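K.L.:
Mature numbering (1 follows the signal peptide of the UniProt record, and there is no 0) puts the sequence shown at residues -21 to -1, 1 to 67.
Backbone N, C-alpha and C fix where the C-beta goes; we use that ideal spot for every residue, glycine too.
In this text the structure is predicted, and so the values were computed from the model without any measurement.
Dropping a structure here in structure tokens format, bear with me for questions.
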Amino acid sequence: MRHWHPHSIAVSFCFCLHARAAIPLLCCIKVLRNISPHVLVRVERWDIQKSTGACDINAVLLHLRGLKKPICASPMVLQKLKRIRRME
């Protein structure tokens, strides 16, 4: 398994404007599928991105302690994250 160091994770976003109110949105354009448990324990909160809204793909935006920008993760990572949170 490949382990990701939180400072070496490439994060891809699209800075878009919402058509109705010109509200800037942060959309993931790529997602990571394998994220180390060492990174997941640092998650403070997460947001769900739906492809049915202003963004094109489903994703989970992981907000980590010590990082300014969230990490774009596959929705499959959410199950692993919740399992780790239950063990804490």
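Just the C-alpha distance for residue 34 and residue 42, rounded to the nearest angstrom, thanks.
P.N.:
Cα to Cα, residue 34 sits roughly 18 Å from residue 42.
K.L.:
What residue ranges within the region 19 to 66 form continuous beta strand (DSSP E) runs of no fewer than 3 residues, ordered along the chain?
P.N.:
Listed in chain order, the complete beta strand (DSSP E) runs (minimum 3 residues) inside the region 19 to 66 are 22 to 28, 38 to 43, 50 to 52.
K.L.:
Exposed or buried, which one is residue 16 when buried takes at least 16 other CB atoms within 10 Å?
P.N.:
By the neighbour-count rule (16 or more Cβ atoms within 10 Å), residue 16 is not buried but exposed.
K.L.:
For a quick check, are the C-beta atoms of residue 19 and residue 48 less than 8 Å apart?
P.N.:
Contact flag unset, no.
K.L.:
Leaving out the 5 sequence neighbours to the left and right, which residues in its chain are closer than 6 Å to residue 54 when beta-carbon positions are compared?
P.N.:
Same-chain partners within the cutoff: 37, 39.
K.L.:
Using the C-alpha atoms, what's the distance from residue 28 back to residue 12?
P.N.:
Cα to Cα, residue 12 sits roughly 15 Å from residue 28.
K.L.:
Cα separation between residue 46 and residue 31?
P.N.:
Roughly 27 Å between the two C-alpha positions.
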